[in-house]
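Reviewing the structure listed below.
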Amino acid sequence: MSLHRKVLITGATGYVGGRLVESLLNSEFSVRVFIRDEAKIKDQPWGKSVEVAVGNANDYLSLRDALTGVHTAFYLLHSLNMGKKFDEIEQEMAANFARAAKDADIQQIVYLGGIANDKKASQHLASRAQVGNELAATGVPTMELRAGIIIGAGSASFEMVRHLTHRLPIMTTPKWVSNLTHPIGVRDVLWYLVNAAQLKSPVSGVFDIGGPDVLKYSEMMQIFAEVSGLRRRIIVKIPVLTPRLASLWIGLVTPLPSALARPLVHSLISEVVADPEKSISAVIPPPPEGLMGVREAMTLALARVNENKVKTRWSDATLPAHPWQKAQSDPAWAGEITYKDSRSAKAEASITSAWETIEEIGGDTGWYGSDFLWFLRGLLDRLIGGVGLRRGRRDPKHLRVGDSLDFWRVESLEREDHLRLYAEMILPGKAWLEFRLRKIPATPGSNEKDQIEIIQEAIFQPRGLGGTLYWFAIKPLHAFVFPTMLRNIVRSAKRKDYFGAAR
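Position 408 of the sequence shown, counted from 1, bears residue number 408 in our numbering, the numbering being contiguous throughout.
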């Protein structure tokens, strides 16, 4: 029952937001999304089913315009990677949103925050609670749903548990892995969010949401080992492993960069357990089939990963630029100098096979040669706090704009035409890797066959002298890596044609 309401979703390109859009559309809501870059939803399965409002959360006018005509607004914005003052940024954004919501006559704000009932709550959790206060400050009815660890295929919390447990049969951990947590499956989070938009009258208040299980973080890892068919993990607790050291270690072992792992680790220092006095049950009952336990949620999430059916991932949200880099949105002239490594090759292959080869790049497929050098570059990136190569791919064969791809992000894509990747590794500047395809028809009356041309281009805009020195320092490696890549892409395209014809 949607009551024919129009809803607005902020954070629609994030992990929960992307799934919420689909859930609300399935419940027959009219959905508007508020995003910075419309291209990021072009390839989403729901991309053509929503209204799009383009703007920035710091821009009052674009927010007010986006909120006009909306009944319920979902606030799903976070700034975990914005540096030490991320809490100030979050509060400013929330205050701006609340003011715009009041002026646009919004009936209900729904905010997904984090459980923060411990007086020693981390800066991360304390900030989430303060955001809720800012949203409610202007008097617009604000329903704050507070969740702990969210378990689902692609969630940051699940990926951290999955990779730690898979890769470390014996692990040294901080003593606070014995603290209690209150996980909830992403399916149940979506249940509460969708139903919050269906309430007959506005509701204000703070409500904790959690699954049926309250357990230690170490017990979660053991449950994951069991559902994965792994042996029981040996966990040795040591008191000297600080949150900073733990987040750096997680950054090396798992796909999560240290910057994102740090607030997650800090949150584990507090016991994140739902307060019975803040129960949501009196306002929204649990799903008819009941809330998912940890074992069931992990089993379902693992099945989605194994079947390559991960709808959204923690890495879907764009990472902010490192201080050494310019922001991705900086104008082209901001770099002043642009260096390029341009190469091309012709091949007697179909453009479809060439595109399939290019679209499968990265992840388990690798980068078509020089894998050891790519591995070293990824390892170096992780050692200095970057994302490295372990993010992999959402889907092994298909990409869409906004997808994270190892330490790249898909910036532009037109099937059988071009693929443009933006580098999210830590660099003294900005970098792209682009592939373009061009058909070369055979000369009429000749015995020649149609050909294609594959154009491969690495582009770099340096930041200062350090960026220029970096480009020339790695140029000898480019002379080996990029020709090898292009040569192997041509071979793979021909091979696809050959085996396709053989079938």
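By construction, the Cβ of each residue, glycine as well, lies at the ideal position given by its N, Cα and C atoms. Just so it is clear, the structure is predicted and the values come from calculations on it, not from any experiment.
The three-state secondary structure of Trp-367, taken from DSSP, is coil. Between His-182 and Gly-205, the CB-CB gap reaches or exceeds 7 Å.
If you check the CB distance, Trp-408 and Leu-421 come in under 7 Å. For His-124, the enclosing alpha helix (DSSP H) stretches over residues 123 to 136. For Leu-20 and Leu-190, the gap between their C-alpha atoms comes out near 6 Å. Leu-379 and Leu-373 have their C-alpha atoms spaced approximately 10 Å apart.
Taking C-beta separations shorter than 6 Å and ignoring five residues to either side along the sequence, the partners of Arg-400 in its chain run Asp-43, following chain order. Spatial neighbours of Arg-128 in its own chain (CB-CB distance under 6 Å, excluding positions within 5 residues in sequence) are listed in chain order as Gly-113 and Gly-114. Note on geometry: alpha-carbon atoms of Tyr-75 and Ser-270 lie some 24 Å from one another. Trp-432 is bridged by DSSP to Tyr-422 and Ile-459. The C-alpha of Thr-299 is placed about 30 Å away from the C-alpha of Leu-245.
A contact is defined here as three or more CB-CB pairs under 8 Å, and the region 307 to 317 meets this definition with respect to the region 389 to 404. Contact annotation: Tyr-339 and Trp-432 have beta-carbon atoms that are not nearer than 7 Å.
Just so you know, the alpha carbons of Gly-139 and Glu-219 end up roughly 42 Å apart. In the displayed model, Glu-51 falls within a strand according to three-state DSSP. Boundaries of the beta strand (DSSP E) harbouring Phe-34: 30 to 35, taken from the DSSP string. Of the residues Glu-359, Tyr-368, Leu-376 and Glu-414, the one whose Cα lies closest to the Cα of His-398 is Glu-359. Taken atom to atom, the span from the alpha-carbon of Val-273 to that of Ala-137 is near 26 Å. Taken atom to atom, the span from the alpha-carbon of Thr-357 to that of Val-186 is near 34 Å.
Glu-416 places its beta carbon 7 Å or farther from that of Val-387. Lys-48 is classed as exposed because its beta carbon has fewer than 16 other beta carbons within 10 Å across all chains shown. The continuous stretches of alpha helix (DSSP H) do not include Lys-237, which lies in the beta strand (DSSP E) extending over residues 234 to 238. Taking all protein chains shown into account, Phe-499 has fewer than 16 neighbouring C-beta atoms within 10 Å of its C-beta and is therefore exposed. The residues Lys-216, Tyr-217, Ser-218 and Lys-237, in chain order, have a CB closer than 8 Å to that of Ser-178 in the same chain once the five nearest residues on each side in sequence are set aside. Between the alpha carbons of Asp-103 and Asp-341 lies a gap of roughly 51 Å.
In this chain, Leu-77 is not harboured by any beta strand (DSSP E), its DSSP state being neither H nor E. Bounds of the alpha helix (DSSP H) holding Ile-351 are 351 to 359.
As the crow flies, the alpha-carbon of Pro-462 is around 16 Å from that of His-478. With a cut-off of 8 Å on Cβ pairs, the region 59 to 79 is not in contact with the region 164 to 178, counting fewer than three such pairs.
Counting the other CB atoms within 10 Å of its CB gives Asp-316 a total of 16 or more, which places it among the buried residues. In this structure the region 147 to 154 does not touch the region 247 to 255; the number of beta carbon pairs closer than 8 Å is below three. Between the C-alpha atoms of Arg-36 and Asn-56 there is a straight-line separation of about 6 Å. If the five residues before and after Asp-497 are omitted, its C-beta is found closer than 6 Å to the C-beta atoms of Ala-349, Ser-350 and Ser-353, all from its own chain and listed in chain order. Within the same chain, and ignoring the five residues on either side of Ser-370 in sequence, the residues whose Cβ sits closer than 6 Å to its Cβ are Val-481 and Thr-484. Under DSSP, the beta-bridge partners assigned to Ser-344 are Ile-455.
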